[in-house]
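Enquirer:
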Amino acid sequence: MDRKVRVLVAKPGLDGHDRGAKIIARALRDSGYEVIYTGIRQTPDMIAEAALQEDVDVVGLSILSGAHMALVPRVIEKLKELGMEDVVVLVGGIIPDEDVQTLLDMGVAGVFGPGTLTSEIVETIENALGRQPA
Amino acid sequence: MPLFDEEQLQRLRQTLKRWTDTTLKKTLEKRPERMKKFMTTSSVPVNRLYTPLDIEKMDYERDLGMPGEFPYTRGVHSTMYRGRLWTMRMFAGFGTAEETNQRFKYLLEQGQTGLSVAFDMPTLYGYDTDAPEAIGEFGKCGVAISSLADMELLFDGIPMGEVSTSMTINSPAAIIWAMYIVAAEKQGYDRRILRGTIQNDILKEFIAQKEFIFPPEPSMRLVTDTIEFGTNELPKWNTISISGYHIREAGSTAVQELAFTLADGFAYVEAALERGLDIDDFAPRLSFFFNAHNDFFEEIAKFRAARRIWARAMKEKYGAKNPRSWMLRTHAQTAGASLTAQQPENNIVRVTIQALAAVLGGTQSLHTNSMDEALALPSEKAVTIALRTQQIIAHESGAPNTIDPLAGSFHLEQLTNQMEEEANAYFRQIEALSGVVRGIENGFFQREIAEAAFRYQMEIDTNQRIIVGVNDYVANEPVEIPILEMDPAGYERQVARLARVRAQRDNAAVEKTLRELEDAARGDVNLMPPIIEAVRAYATLGEIMGVFRKVFGEYHEPVFF
Chain A
0 MDRKVRVLVA KPGLDGHDRG AKIIARALRD SGYEVIYTGI RQTPDMIAEA
50 ALQEDVDVVG LSILSGAHMA LVPRVIEKLK ELGMEDVVVL VGGIIPDEDV
100 QTLLDMGVAG VFGPGTLTSE IVETIENALG RQPA
Chain B
0 MPLFDEEQLQ RLRQTLKRWT DTTLKKTLEK RPERMKKFMT TSSVPVNRLY
50 TPLDIEKMDY ERDLGMPGEF PYTRGVHSTM YRGRLWTMRM FAGFGTAEET
100 NQRFKYLLEQ GQTGLSVAFD MPTLYGYDTD APEAIGEFGK CGVAISSLAD
150 MELLFDGIPM GEVSTSMTIN SPAAIIWAMY IVAAEKQGYD RRILRGTIQN
200 DILKEFIAQK EFIFPPEPSM RLVTDTIEFG TNELPKWNTI SISGYHIREA
250 GSTAVQELAF TLADGFAYVE AALERGLDID DFAPRLSFFF NAHNDFFEEI
300 AKFRAARRIW ARAMKEKYGA KNPRSWMLRT HAQTAGASLT AQQPENNIVR
350 VTIQALAAVL GGTQSLHTNS MDEALALPSE KAVTIALRTQ QIIAHESGAP
400 NTIDPLAGSF HLEQLTNQME EEANAYFRQI EALSGVVRGI ENGFFQREIA
450 EAAFRYQMEI DTNQRIIVGV NDYVANEPVE IPILEMDPAG YERQVARLAR
500 VRAQRDNAAV EKTLRELEDA ARGDVNLMPP IIEAVRAYAT LGEIMGVFRK
550 VFGEYHEPVF F
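Protein chains in written order, with numbering that gives the first Met the number 0: chain A, 0 to 133; chain B, 0 to 560.
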């Protein structure tokens with residue numbers, strides 16, 4: 000039997016608005032993933048290390064403060080340093096359009112704003128991992 | 000005076016039965032209703048029809064009364080908006096103090112009647128702009144205030160003794176308030192005349208927004224210190240804005256927002272009473288802040304129920320004698336979380352409905368969100384439309400021309416009663432948990448809210464709830480709205496100013512005030528006077544909070560989802 004896909008949901012930076020992170024964590028768990036939620040106020044280093052320790056396939060970053068352009072590259076860089084460049088990185092939050100492309104170019108697999116259906120996130124994960132949606 | 004007499008009600012019962020068995024039945028046979036279940040934004044079932052039978056126990060004088068009189072269901076002023084419109088107060092702040100100062104002056108020129116400061120994340124968490132924890136966060140969701148020098152610039156050219164200023168700040172509220180007081184004194188004003196509000200509501204931070212720093216107990220001490228200090232020294236200042244807004248934004252239902260907010264309010268009252276303050280000395284300065292969400296009647300009912308519950312508790316449970324202690328005065332803001340990134344112009348309409356609900360609910364001041372807030376900080380144009388929305392409601396809709404115009408609506412009154420009852424059930428549950436702080440520590444509130452937030456999202460995901468532009472009426476056009484650009488040199492300027500402050504101040508004096516502050520924190524005196532001294536010496540926010548971090552420690556919440 001396939002190993003369950005493991006997802007780390009994390010909140011980098013100081014932003015404490017965790018409604019979205021918690022909903023996504025629970026929805027992904029209900030979709031059959033193994034979900035680990037870090038809680039709030041995580042540094043990029045803490046997140047990358049948690050991703051390594053938990054041996055996850057996906058890292059979902061939730062940022063509503065506007066600090067995404069500073070925080071996301073640091074997480075990606077740190078994941079690379081730890082040899083986890085294959086991990087699928089997703090970003091959710093208040094992300095202006097002009098930043099979305101930059102994040103995608105950086106290697107982020109999907110950027111999700113307000114009004115995203117949880118099924119869209121599942122679809123992105125499945126596509127990125129090269130699987131058929133469940 | 001009961002609203003209806005028994006004979007009338009008896010006749011009505013028969014009429015209702017006849018209608019149900021004949022007219023209604025025939026229609027339903029021909030055409031079923033659109034949905035099996037109708038519900039509010041909070042997933043509360045809504046009946047087909049409300050009649051006097053749904054409010055048959057109501058007593059006009061006991062439950063509604065007259066405006067400006069107990070229990071204030073119909074409003075806290077006897078003339079309401081006929082006397083004076085609500086304060087149009089737009090929350091603003093971004094980048095440096097200079098940039099936000101310009102925005103404030105613009106808003107005042109556009110007819111805004113009060114200021115409301117948004118602080119950036121580092122300031123909210125008590126870090127200076129150049130702290131390592133502050134990376135990437137400078138000025139993003141508010142203005143950076145690291146020392147008195149920034150506060151002086153923020154209000155440069157704005158008469159602090161004449162405007163009323165609301166400051167959305169919680170863990171570091173005492174320090175930011177001290178900066179405001181000292182800056183106003185330096186402009187030549189006596190602190191006793193200053194008007195405004197600090198949010199200072201730490202309990203809802205633990206419950207919902209998560210901008211806590213210290214554990215609950217020292218956090219409550221700081222809040223109580225500000226209440227005590229304000230009572231004695233700044234009689235026109237609202238020392239706390241007990242906020243349901245963030246609880247709602249975190250995904251709670253309307254009843255949870257109502258109940259948890261008022262429960263927090265009771266906790267602050269009890270803390271101040273334990274301090275030995277007289278209820279009628281401090282209660283008139285307690286203020287509230289509620290959300291105005293999409294569900295029109297549910298929102299109006301919430302504001303009316305809040306006033307009635309508070310008035311009854313203050314008078315009957317806490318024994319307040321001054322009518323001003325019974326009055327729940329509130330600010331309102333439209334629901335940021337209801338805004339969609341898709342078809343953002345539609346948000347103007349959502350905000351209009353929400354703002355109208357807040358006005359019909361009798362709010363004292365109002366912020367209307369900008370249409371682009373699901374995408375970024377609002378642009379000047381979007382903010383102007385949001386402010387104009389309030390002005391249109393005020394001058395064109397007719398809504399403010401009579402007091403509490405929806406009173407007596409069978410639906411609204413039933414909903415108001417029901418929300419009061421459900422809130423009372425939560426108060427009993429919280430009491431059984433040994434109070435708000437224990438409830439926070441064991442995750443009661445967080446779990447209740449997470450549950451409601453998840454249910455709401457699932458209703459959208461499964462199309463039980465339609466959000467226009469999101470899961471129906473979808474248009475796949477690219478979004479084109481102008482986004483606010485911040486001055487890219489702002490960060491450098493702010494960091495340079497901070498360095499200059501540290502270099503030019505009397506560092507021995509700073510050391511001394513910080514030492515005195517630490518001693519005070521270890522003891523049990525009121526912390527406001529030593530904070531003011533440290534601020535006056537230009538100790539930075541980070542330095543002062545550092546003292547408290549050392550003495551009080553930092554809080555880590557239980558994590559679950």
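Think of the CB as a built atom: it goes at the ideal place given N, C-alpha and C, for glycine as much as any other residue. Note that the structure is predicted; figures quoted are calculated from it, not measured.
1. What distance in whole Å lies between the Cβ atoms of ILE197/B and PHE211/B, which are believed to be in contact at a cut-off of 8 Å?
2. Would you call PRO83/B buried or exposed, if buried means 16 or more other Cβ atoms sit within 10 Å of its Cβ?
3. Going along the stretch 513-545 of chain B in order, which residues come within less than 9 Å of chain A, judged by CB to CB distance?
4. Contact criterion: CB-CB distance below 8 Å. Does GLY31/A meet it with respect to chain B?
5. Using C-beta distances below 7 Å, list every residue in its chain close to ARG28/A, excluding the 5 sequence neighbours before and after it, in chain order.
6. Consider the Cβ of LEU13/A: report whether some Cβ of chain B lies at a distance smaller than 8 Å.
7. Just to make sure I have the definition right: I need the residues of chain B whose C-beta is within less than 8 Å of the C-beta of LYS21/A. Which are they?
8. Run through chain A and tell me which residues come within less than 7 Å of LYS139/B, C-beta to C-beta.
9. As a quick exercise: from GLY229/B, GLU60/B, GLU216/B and THR99/B, pick the residue whose alpha carbon is nearest that of PRO528/B.
10. Leaving out five residues on either side along the sequence, give the residues of the same chain with a beta carbon under 6 Å from the beta carbon of ALA381/B.
11. Can you grab the Cα-Cα spacing for the pair GLN118/B / MET178/B, in whole Å?
12. Which ranges would you report for the alpha helix (DSSP H) in the stretch 305-374 of chain B if only whole runs of at least 4 residues count?
13. Hey, ILE75/A and VAL88/A are a contact pair by Cβ (cut 8 Å); roughly how many whole angstroms apart?
14. In chain B, which residues lie less than 8 Å from ALA69/A when you measure between Cβ atoms?
15. Do the stretch 90-100 of chain B and the stretch 400-410 of chain B make contact, defined as three or more Cβ pairs closer than 8 Å?
16. Would a check of beta-carbon distances place GLN353/B closer than 8 Å to chain A?
17. In the structure shown, what three-state DSSP assignment does GLY489/B receive?
18. Quick one: any contact between the stretch 426-446 of chain B and the stretch 278-288 of chain B, if contact means 3 or more CB pairs under 8 Å?
19. Should GLN389/B be listed as close to the ligand GTP, given that the test is whether its C-beta is under 7 Å from any heavy atom?
20. Looking only at its own chain, which residues have a Cβ that is under 6 Å from the Cβ of MET57/B, when we skip the five neighbours before and after it?
21. Any Cβ of chain A within less than 8 Å of the Cβ of THR339/B?
22. Looking at C-alpha atoms only, which residue of ARG73/B, GLN7/B and THR223/B is the closest neighbour of SER408/B?
23. Taking the C-alpha atoms as reference points, what is the distance between MET313/B and LEU106/B?
24. Below 7 Å CB to CB, which residues in the same chain sit around HIS573/B once its five sequence neighbours on both sides are set aside?
25. Return the residue from the list ILE226/B, GLY250/B and LYS235/B that minimises the CA-CA distance to GLY275/B.
26. With DSSP as the reference, label GLY541/B as helix, strand or coil.
27. Output needed for GLY9/A: all residues of its chain with C-beta closer than 6 Å, excluding positions within five of it in sequence on either side, in chain order.
28. So which residues on chain A does TYR124/B lean against when the C-beta distance must stay under 8 Å?
29. Taking only beta-carbon atoms, is ALA50/A less than 8 Å away from chain B?
30. Please report the distance separating the alpha-carbon of GLY106/A from that of VAL162/B.
31. Report back the beta-carbon spacing between ALA422/B and GLY250/B to the nearest angstrom; my notes put them in contact at under 8 Å.
32. Note down, one range per segment and in chain order, each alpha helix (DSSP H) of at least 4 residues found wholly within the stretch 382-457 of chain B.
33. Answer yes or no: do SER41/B and ASP294/B have a C-beta to C-beta separation smaller than 8 Å?
34. So if I threshold CB-CB distances at 7 Å, which residues from the stretch 420-438 of chain B count as touching chain A?
35. When the cut-off is 8 Å and only beta carbons count, does PRO214/B lie next to chain A?
36. Please classify LYS3/A as buried or exposed, where buried requires at least 16 neighbouring CB atoms within 10 angstroms.
Expert: According to the structure shown:
1. Translated into positions along the second sequence, residue 211/B becomes position 212. Translated into positions along the second sequence, residue 197/B becomes position 198. About 16 Å separates the two Cβ atoms, so there is no contact after all.
2. Translated into positions along the second sequence, residue 83/B becomes position 84. Correcting the residue identity first, residue 83/B is Arg in this sequence and not Pro. Burial call: exposed.
3. Of all residues in the stretch 513-545 of chain B, none comes within less than 9 Å of chain A when Cβ atoms are compared.
4. The residue labelled residue 31/A in the question sits at position 32 within the first sequence. Closer than 8 Å: no.
5. Within the first sequence, residue 28/A is the residue found at index 29, counting from 1. Annotation for ARG28/A: VAL34 place their beta carbon closer than 7 Å to its own, counting only its chain and skipping 5 residues before and after.
6. Here the question's residue 13/A lines up with position 14 in the first sequence. It does: the Cβ of LEU13/A has a partner Cβ on chain B nearer than 8 Å.
7. Counting from 1 along the first sequence, the entry for residue 21/A is found at position 22. By Cβ distance, chain B contributes ALA449, ALA452, PHE453 and PHE560.
8. Taking the first residue of the second sequence as position 1, residue 139/B is located at position 140. Against chain A, a Cβ distance below 7 Å from LYS139/B picks out SER64, GLY65 and ALA66.
9. Residue numbering aside, residue 528/B sits at position 529 when the second sequence is read from its first letter. Ranked by how close their Cα comes to the Cα of PRO528/B, the residues GLY229/B, GLU60/B, GLU216/B and THR99/B have GLY229/B in first place.
10. Start at 1 with the first residue of the second sequence, and residue 381/B comes out as number 382. In its chain, beyond the 5 residues on either side, SER369, MET370 and ASP371 have a beta carbon closer than 6 Å to the beta carbon of ALA381/B.
11. The sequence position of residue 118/B within the second sequence is 119, counting from 1. The sequence position of residue 178/B within the second sequence is 179, counting from 1. Looking at the sequence shown, residue 118/B is not Gln but Phe. Taking the straight line joining both Cα atoms gives about 13 Å.
12. Annotation note: the stretch 305-374 of chain B contains the following uninterrupted alpha helix (DSSP H) runs of length 4 or greater, listed N- to C-terminal: 322-325 and 345-359.
13. Translated into positions along the first sequence, residue 75/A becomes position 76. Translated into positions along the first sequence, residue 88/A becomes position 89. The distance from the Cβ of ILE75/A to that of VAL88/A is about 6 Å, consistent with a contact at the 8 Å cut-off.
14. As a first step, residue 69/A is located in the first sequence; it is residue number 70 there, counting from the start. Under the 8 Å cutoff, chain B gives ILE134, GLY135 and GLU136.
15. Using a C-beta cut-off of 8 Å, the stretch 90-100 of chain B makes no contact with the stretch 400-410 of chain B, since fewer than three inter-stretch Cβ pairs fall below that distance.
16. To locate residue 353/B, count along the second sequence from 1; it is residue 354. No, no contact with chain A.
17. Here residue 489/B refers to the residue found at position 490 when the second sequence is read from its first residue. Here GLY489/B sits in helix by DSSP.
18. No, the stretch 426-446 of chain B does not touch the stretch 278-288 of chain B.
19. Among the components modelled here there is no ligand, and therefore nothing to report on the ligand GTP.
20. By one-based count along the second sequence, residue 57/B stands at place 58. Excluding its 5 nearest sequence neighbours in each direction, MET57/B has C-beta neighbours in its own chain below 6 Å: LEU2, listed in chain order.
21. Looking up residue 339/B in the second sequence gives position 340. Residue-level contact check: THR339/B touches chain A, since one or more beta carbons of chain A fall below 8 Å from its beta carbon.
22. As a position in the second sequence, residue 408/B is number 409, starting the count at 1. Ranking ARG73/B, GLN7/B and THR223/B by Cα distance to SER408/B puts ARG73/B first.
23. Taking the second sequence and counting its residues from 1, one reaches residue 313/B at position 314. Taking the second sequence and counting its residues from 1, one reaches residue 106/B at position 107. Whole-angstrom Cα-Cα distance: 36 Å.
24. Chain B is shown only over 0 to 560; residue 573/B falls outside these bounds and no answer can be derived.
25. In the second sequence, the residue the question calls residue 275/B occupies position 276. Looking at the Cα atoms, ILE226/B is the closest of the given residues.
26. Working through the second sequence from its first residue, we reach residue 541/B at position 542. Residue state, collapsed to three classes: helix.
27. Translated into positions along the first sequence, residue 9/A becomes position 10. The sequence as given places Ala at residue 9/A; Gly does not occur at that position. Take ALA9/A, set aside five residues on each side of it, and the residues of its chain with a beta-carbon closer than 6 Å to its own are THR37, GLN41, ILE46 and LEU60, in chain order.
28. Taking the second sequence and counting its residues from 1, one reaches residue 124/B at position 125. Within 8 Å Cβ-Cβ: LEU13.
29. For the purposes of this step, residue 50/A is identified with residue 51 of the first sequence, where counting begins at 1. Among the residues facing chain B, ALA50/A is not included, as its CB has no counterpart in that chain under 8 Å away.
30. Here residue 106/A refers to the residue found at position 107 when the first sequence is read from its first residue. Here residue 162/B refers to the residue found at position 163 when the second sequence is read from its first residue. When rounded, the distance between both Cα atoms is 49 Å.
31. Here the question's residue 422/B lines up with position 423 in the second sequence. Here the question's residue 250/B lines up with position 251 in the second sequence. Rounded to the nearest angstrom, the Cβ distance from ALA422/B to GLY250/B is 18 Å, too far for a contact under 8 Å.
32. Whole alpha helix (DSSP H) segments, 4+ residues: 409-431 and 435-440.
33. The residue given as residue 41/B occupies position 42 in the second sequence. The residue given as residue 294/B occupies position 295 in the second sequence. Contact flag set, yes.
34. Only those residues of the stretch 420-438 of chain B whose C-beta falls short of 7 Å from the nearest C-beta of chain A would be listed, and there are none.
35. Locating residue 214/B in the second sequence gives position 215, where the first residue counts as 1. With 8 Å as the cut-off, PRO214/B does not count as an interface residue toward chain A.
36. Taking the first residue of the first sequence as 1, we reach residue 3/A at position 4. Here LYS3/A is exposed, its C-beta having fewer than 16 other C-beta atoms within 10 Å.
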